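Notes follow the structure.
Residue numbers (our numbering), protein chains in the order written: chain A, 2 to 325; chain B, 382 to 962.
Right, here's the structure in full:
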């Protein structure tokens, strides 16, 4: 028996199947090519290659979001649409591991009003502006939170592209929190997936994952789907010892050559374990990386105080109701 | 109106995560600047329909912390470069001035400027001081001043200096302050005309005030120039030392300073005539005893019946030539049943007389060299600041405790009585007395303590200013400490620093006083709400034989001449002064 390291309110780091503890449950129907790095029959954990030098500079990108208020519109025909006022922010940390300086290289905060109402415009509350994002369809309240994700992802992409504006030594590494999705065109970039919900590997190869020791990875495999790409599993140090604890999946752009993908995989093995968090400091340790946790804290600070924003929204909407 | 001068530069903003109050607020320091303790800053508060309020203050605490760190161990992740965090410094400002007097807090976010020039003077109230005596430089290297009104008795007087012996440089500060009073010209004619009476209690370090310091370097000269003072020794000093023990010629008992020292003593005739006997019993414990009655009747008897006779005195027809003889005679008369009542009154029992006699006999060893019957009464031997030089140093360090008390008590009494007689507060007389806790202890009473209390309470109007120094202000008579307008603290003992006598020091400054370096003092004066941290320059005069330069010309003259006839005309003139005819 093992206790999951994650705080229960965050769910589990992997979704167990009926067997429990066997790894990700829902087996993916996707086509997977497991024989890229080593032949499928020879799959075994791969440790740190002695020839790989850790990058001096690592960029990490992440975004946070918060729902500030739920709103209801009053249309002239008597109907009403749900609305969601949300704040979201994306930022990038530049970890200069050689100099020992981690700084926020860029951050951007945006606020949006998500609704299907055709009549509502931008919401100005004091100095704060909620830009309207019109949602297609009926726009039920339950569907609105999902609508925040695309603008946030767009913000993350924007900030990721700007991350290297300050200069790049050509050997740095950009780590994106979550799947790469549309960010695959960024150079030297890996996606970092904390929770494992899908089973990508065939059973024979899947069995290699629990055998990984800290700072070891599986061979690179390729997921042959639209959003797929090169991928590998990696175990971070500080896991509880449960078969899938501390395991993350890393992916990179499918447009890279197999050699380039393997090179990134080797870089990730020397870089990511260094950034792993410890259980008593982070409810999602070790998967939630230390710079990401710090960045999220800063970004949440930049979102502003939720109670203040809620009050400002309430006051502002009340004022416009009176004047109209 | 405090003007924010052009040179001022923004150093940060008032922060809003801690309460900003009119008297104290915190400032976040911008990343490219810094604030240190004692820095002077100024900020503005805009008000509707009114002129803006300028709030000025000094930094009383500075702190730096990692923002974005949650755990103590996060510092390692931050230093490794894995956790993004920001170092943020913040400074606590204690308000010194609000102009116009409208006590509103500064608005969080308001820009805070470093105050220089006029703005700094205004913040520290220097602009409102009509006469300001430089007393050193602040931590920012700019002069800080003492309001002369609180020194010369106009609005207050007396200085109390506390600190650990040896490191606190109490005497050095006292002498520097005197030098500044004499030489800054801020007191007008009162400055150069003022007199100083310094009691040298420890070592011979105050005996070279008129000798240039050979270790004086250009840096120190610059420090003096910055304060508007010449870097020179005291121009006009006279040193008095007790006669050498067992030496019938009455040569002064000093070992390092050989020229320009006069010996001081009292003739037996003076001793009897001016009623000095009570000062022989100047111990605080003595006053509680029964025999004080005997002391007073014997004093009165001596005053009435002693007749001067060739240096000594003659009592009841008996010629007495020394203090020993006087003591023996008194004891003899008191133990004799026939004469006792005429000396001590009739109601005195034998036990009391014996207690008196025992102590009187004990004083023989200590006082016989000071109370003489064998030296000429015409020879100058009295300590009189009015007839002496600008600075009179009385060397006590060779004397035993009882003799020190006698000299201090008698000298102060004489000077104070002179002042009372003259009835004018001018010229000013500064009295520098170290180990005040010995002469005016909190408990008990003694003739010296009475004199010192008199000075503390009435000296202000008579122009007698006490500059008292002590290791522990808590052991000094409270009325003397409370009467001191200016309180100075050097390095303090940790247990002492927590006493209520130092309540004028804010907590952070109290902590700093525990590690103040020699040459650093905290000065509290009535019109500035925060004590100022002062660094005063190294003395321009010698403080020991090894660093003393050539002695001034006047003192060389006194090798052959006990009293310089020209010194009477225009003292302080020096050799190059022309005789005005």
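Ideal Cβ placement from N, Cα and C applies to all residues, glycine included. The structure presented is a predicted model; accordingly, all values stated were derived computationally and were not measured.
Could you work out which residues of chain B lie near residue i, taking near to mean beta carbons separated by less than 9 Å?
| i | result |
| --- | --- |
| residue 275 (chain A) | 461 and 463 |
Distance cutoff 7 Å, beta carbons only. Does residue i sit that close to anything in chain A?
| i | result |
| --- | --- |
| residue 445 (chain B) | no |
| residue 458 (chain B) | yes |
| residue 397 (chain B) | no |
For a quick check, are the C-beta atoms of residue i and residue j less than 7 Å apart?
| i | j | result |
| --- | --- | --- |
| residue 870 (chain B) | residue 414 (chain B) | no |
| residue 231 (chain A) | residue 223 (chain A) | yes |
| residue 163 (chain A) | residue 127 (chain A) | no |
| residue 213 (chain A) | residue 190 (chain A) | no |
| residue 495 (chain B) | residue 390 (chain B) | yes |
| residue 653 (chain B) | residue 687 (chain B) | yes |
| residue 94 (chain A) | residue 105 (chain A) | yes |
| residue 41 (chain A) | residue 35 (chain A) | yes |
| residue 762 (chain B) | residue 645 (chain B) | yes |
| residue 416 (chain B) | residue 443 (chain B) | yes |
| residue 474 (chain B) | residue 406 (chain B) | yes |
| residue 855 (chain B) | residue 882 (chain B) | yes |
| residue 181 (chain A) | residue 192 (chain A) | yes |
Can you look up residue i in the DSSP assignment and give me helix, strand or coil?
| i | result |
| --- | --- |
| residue 563 (chain B) | helix |
| residue 95 (chain A) | strand |
| residue 192 (chain A) | strand |
| residue 643 (chain B) | strand |
| residue 131 (chain A) | strand |
| residue 232 (chain A) | strand |
| residue 7 (chain A) | coil |
| residue 724 (chain B) | helix |
| residue 684 (chain B) | helix |
| residue 58 (chain A) | strand |
| residue 484 (chain B) | coil |
| residue 293 (chain A) | helix |
| residue 850 (chain B) | strand |
| residue 366 (chain B) | Since the first and last residues shown for chain B are 382 and 962, residue 366 (chain B) lies out of range. |
| residue 490 (chain B) | coil |
| residue 68 (chain A) | strand |
| residue 316 (chain A) | helix |
| residue 615 (chain B) | coil |
| residue 905 (chain B) | strand |
Residues of chain A with CB closer than 7 Å to the CB of residue i, please, in chain order.
| i | result |
| --- | --- |
| residue 452 (chain B) | 282 |
| residue 449 (chain B) | 295, 298 and 299 |
Quick one: list the residues of chain B neighbouring residue i, beta-carbon separation under 8 Å, in chain order.
| i | result |
| --- | --- |
| residue 112 (chain A) | Per Cβ cutoff of 8 Å: no residues; residue 112 (chain A) is ~22 Å from chain B at best. |
| residue 292 (chain A) | 463, 464 and 465 |
With a threshold of 7 Å between beta carbons, is residue i in contact with chain B?
| i | result |
| --- | --- |
| residue 22 (chain A) | Annotation note: pLDDT 47 at residue 22 (chain A) (below 50); position unreliable, coordinate value reported separately. Closer than 7 Å: no. |
| residue 97 (chain A) | yes |
| residue 287 (chain A) | no |
| residue 94 (chain A) | yes |
| residue 237 (chain A) | no |
By the criterion of Cβ-Cβ separation under 7 Å, what are the contact partners of residue i in chain B?
| i | result |
| --- | --- |
| residue 104 (chain A) | 465 |
| residue 101 (chain A) | 460, 461 and 462 |
Could you check whether the Cβ of residue i sits closer than 6 Å to any heavy atom belonging to the ligand SAH?
| i | result |
| --- | --- |
| residue 146 (chain A) | Annotation note on the ligand SAH: not contained in the displayed structure, which lists no ligands. |
key: Length-filtered (4 minimum) alpha helix (DSSP H) runs lying within the segment 812-846 of chain B   = 817-820 and 828-843
Whole runs of the beta strand (DSSP E) within the segment 740-807 of chain B, excluding any shorter than 3 residues = 772-776
key: Any alpha helix (DSSP H) of 4 or more consecutive residues that is wholly inside the segment 417-467 of chain B   = 455-461
task = May I have a chain-ordered list of the beta strand (DSSP E) segments no shorter than 3 residues that lie completely inside the segment 148-213 of chain A?
result = 174-178 and 190-194
task = Output the residue ranges of the beta strand (DSSP E) runs that lie fully inside the segment 505-541 of chain B and measure 3 residues or longer, sorted by chain position.
result = 513-518 and 524-528
request  = Mind listing, in chain order, the continuous beta strand (DSSP E) runs of no fewer than 3 residues lying wholly within the segment 392-417 of chain B?
outcome  = 405-410
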